[in-house]
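Below: the structure, in structure tokens.
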Amino acid sequence: MKPKRWKLKDLPDEKSILALADSLNISNALAVLLIQRGITNFFEAKTYFRPSLESLHDPFMMDGMQQATQRVIEAITGNQKICVYGDYDVDGTCSASLMYLFLKELGADVMTYIPNRLTEGYGISNQSIDYLNEQGVNLIISVDCGITAVDEIEHAKSHKIDTIVCDHHQPKEQLPEAYAVLDPLKPGDTYPFKSLSGAGVAFKLATAIGDRIGKKEMAYKYLDLVALASAADIVPLVDENRILVREGLEIINKNPRPGIEALIRSARMEPGNLSAGQIVFTIAPRINAVGRLGDAHRAVELFTTNDPGKAGQLARILEEENSKRREIDEATFSHAVSIVEKQIDLNADMGIVLHDPEWHPGVIGIVASRLVEKFYRPAIMLTTVDGIAKGSARSIPGFNIYEALQSCEDLLLQFGGHEAAAGLAIEIDKLDEFKKRFNDILCKSMNEEDILPEITIDFKLSFSEISPKFLRILRQFAPFGPGNMRPVFLSENVSLVYPPKIVGMNHIVTSFKQNGNDKVFDAIGFNLGYYADYIDKDRDLVDIVYTIETINKDGKEFPQLRIKDLKIKNNIKE
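Under the working numbering, think of the first position of the sequence shown as 663, with each following residue one higher.
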């Protein structure tokens, strides 16, 4: 196993800890966790623990919103045909569904269009514009795409079709000359929050339209779709995103729309306690699967139907597609790992760049992420589509993969994305030159320590501090995700209550206690089965790094430690 670095965060100053703990009547440990999240007083804590829709920023602060809302209302009142043009991932299909349902409720003549990943590729294309022109479309609202579609939007204008771009991706130097461009990352845009998902920007447009017609809260019923999209797109769960996801999860758990309920049940889960993490690992892959292997419009149909029977049928299709996707994913991953182990010198190359013309374009992004997880270094997976190498890039914390691709821009046909993930296309005869330059960039900007996985620890915790009140308040830190990660704790010199067992696919289960304290905590460590043969219950103490989760047993809730790593301290237990 690759060793991991443990990095314990510095403690805030003691006066700040004590003052916050006293004002909130909480433990010092919880006060530290709040200060680490930028919360230093009672009022900030109140906003954090009780996020409110009233705290959302005015959508008209986003540049272009006045023009966008005016044009949409004009299209509705003039009975013009509107097309909501989305992307084929969770964010894109949720954004398209949200905008479609909202406009439909206002009486608009509206349709949706999701490009086919395999035959059309990402974003707006001239081919799709020609099709929409034949359908009599007067206005396109692109959601979760469009910010780089300069030529395509010109093509739409030549057909007298107006376009409103509603995106959250990084713009290039030239913006499209659309009727309106909504993107908080747009140069000169003073909107105060820059990290919305595509569905978040679409929601802003919907609330602004509602505001102009005296129905400001009309869009709130679609926050479930914003929550799905934001969690799945791994946007920071701070500021507005924290509010949107928390409110959206409440709708999902209390009154899910038929499509989402069917999806949850098809994943063998019960509605009522879905978390942001479960969306990422359980729900999102099923939605993405239909876009990876074929027609993502089926996800839009799932989200927009009111018929539970139809929702159940569509959810089963998503389940079947996800099973196929997993099979292709596993075969591709095994093939990719064998290439890395046989053909790449990881002592010489900091990054992994692989190309195989037979790989399925719908799974290479997932496989790139799995390669990063296994080898802990940036990875690029490419296949061949119409004679061009196309694929996905994934990175590790601290290395901006988008900037690296930007440095290779002269070799690429196209690229786009952000710091952690990107897509790219390159001519096959330039692959060798690209691999060399990409690795040269990595070698100049990273060192050997950077490719050792690092676990950042929030606080050193004693088991005696884990009280029912501590756990109750800790749960209120949710929803967890980037920018508001589940707290990671270190507990030292803990002992095993019973010998560790291996369950499932190399997972370790046991229980721990500390310093003779009568508190005992069940624990599970995924992919840590390796340690089971090395820990002697009667001899060894261990240091553990973990998060705390809640599990249900016989209708009751219990804390469980999710072990991230451990270190054995041999022969020191008395």
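Glycine included, C-beta positions come from ideal geometry on N, C-alpha and C.
{"Query": "Report back the beta-carbon spacing between residue 1231 and residue 1190 to the nearest angstrom; my notes put them in contact at under 8 Å.", "Result": "About 16 Å; that fails the 8 Å criterion."}
{"Query": "Which of the three DSSP states is assigned to residue 1236 in this structure?", "Result": "With a pLDDT of 47 at residue 1236, under the threshold of 50, the predicted position of this residue should be treated as unreliable, and no value is reported."}
{"Query": "Buried or exposed: where does residue 705 fall if 16 or more other Cβ atoms within 10 Å of its Cβ makes it buried?", "Result": "exposed"}
{"Query": "Among the residues of its own chain, which have a CB less than 7 Å from the CB of residue 1067, if the five just before and after it don't count?", "Result": "1055, 1074, 1077, 1084, 1086"}
{"Query": "Which residues does DSSP list as the beta-bridge partners of residue 771?", "Result": "743"}
{"Query": "Take the Cβ of residue 884 as the centre, count every other Cβ of all protein chains shown within 10 Å, and call the residue buried at 16 or more, exposed below.", "Result": "buried"}
{"Query": "From which residue to which residue does the alpha helix (DSSP H) around residue 994 run?", "Result": "970–1005"}
{"Query": "Cα-Cα, which of 953, 1111, 1132, 889 is closest to residue 1123?", "Result": "1132"}
{"Query": "Relative to the C-alpha of residue 1121, which candidate in 1038, 856, 670 has its C-alpha closest?", "Result": "670"}
{"Query": "For residue 966, is the beta carbon positioned less than 8 Å from some heavy atom of the ligand NAD?", "Result": "Absence of the ligand NAD from the depicted structure is noted, as is the absence of any ligand whatsoever, leaving it without description."}
{"Query": "Quick test of your reading: residue 948 and residue 917, contact by CB under 8 Å. State the CB separation rounded to the nearest angstrom.", "Result": "Between residue 917 and residue 948 the Cβ distance is about 21 Å, and since that is not below 8 Å, they are no contact."}
{"Query": "What is the rounded straight-line gap between the Cα of residue 632 and the Cα of residue 996?", "Result": "With the chain covering 663 to 1236 only, the question about residue 632 has no answer from this structure."}
{"Query": "Which of the three DSSP states, helix, strand or coil, is assigned to residue 699?", "Result": "coil"}
{"Query": "Residue 763 and residue 966: beta carbons closer than 9 Å?", "Result": "yes"}
{"Query": "Nearest to residue 1062 by CA position, among 745, 1112, 969, is which residue?", "Result": "1112"}
{"Query": "State the start and end residues of the unbroken beta strand (DSSP E) segment that holds residue 944.", "Result": "Note, residue 944: premise wrong, no beta strand (DSSP E); not H, not E."}
{"Query": "What did DSSP end up calling residue 862 once you bin it into helix, strand or coil?", "Result": "helix"}
{"Query": "To the nearest angstrom, report how far apart residue 908 and residue 1048 are at their CA atoms.", "Result": "43 Å"}
{"Query": "Along the alpha helix (DSSP H) that carries residue 959, what are the first and last residues, could you check?", "Result": "959–966"}
{"Query": "What are the uninterrupted segments assigned as beta strand (DSSP E) that are 3 or more residues long and contained completely in the stretch 844–890, given in chain order?", "Result": "none"}
{"Query": "Taking 6 Å as the limit between beta carbons, can you name the residues of its chain near residue 1187, skipping five residues before and five after?", "Result": "1170, 1225"}
{"Query": "Applying the criterion that 16 or more other CB atoms from any shown protein chain within 10 Å of the CB defines a buried residue, is residue 866 buried or exposed?", "Result": "buried"}
{"Query": "How far does the alpha helix (DSSP H) with residue 1032 in it extend, from its first residue to its last?", "Result": "1026–1037"}
{"Query": "Mapping DSSP to helix, strand and coil, what is residue 915?", "Result": "helix"}
{"Query": "Give me the DSSP bridge partner(s) of residue 824.", "Result": "801"}
{"Query": "Can residue 850 and residue 829 be called in contact, C-beta distance under 9 Å?", "Result": "no"}
{"Query": "Please report the distance separating the alpha-carbon of residue 649 from that of residue 668.", "Result": "Within the shown structure, residues of the chain are numbered from 663 to 1236, placing residue 649 beyond reach of any answer."}
{"Query": "Using a Cβ-Cβ cut-off of 7 Å (strictly less than) and excluding sequence neighbours within five positions of residue 1135, which residues of its own chain qualify?", "Result": "688, 692"}
{"Query": "Three or more C-beta pairs under 8 Å: does that hold for the stretch 789–797 against the stretch 928–942?", "Result": "no"}
{"Query": "Using DSSP's beta-bridge definition, name the partner residues of residue 1095.", "Result": "The partner list for residue 1095 (beta bridge, DSSP) is empty, contrary to what the question assumes."}
{"Query": "Within the continuous beta strand (DSSP E) that includes residue 677, where are the two ends?", "Result": "No beta strand (DSSP E) contains residue 677, which is instead part of the alpha helix (DSSP H) from 676–686."}
{"Query": "On the DSSP bridge list, what partners appear for residue 1151?", "Result": "1121, 1208"}
{"Query": "List the residues that DSSP assigns as beta-bridge partners of residue 709.", "Result": "For residue 709, which the question treats as bridged, DSSP gives no partner whatsoever."}
{"Query": "Starting from residue 1137, follow the beta strand (DSSP E) in both directions and report where the run begins and ends.", "Result": "Not the beta strand (DSSP E): residue 1137 falls in the alpha helix (DSSP H), residues 1130–1137."}
{"Query": "Helix, strand or coil for residue 838, going by three-state DSSP, please let me know.", "Result": "coil"}
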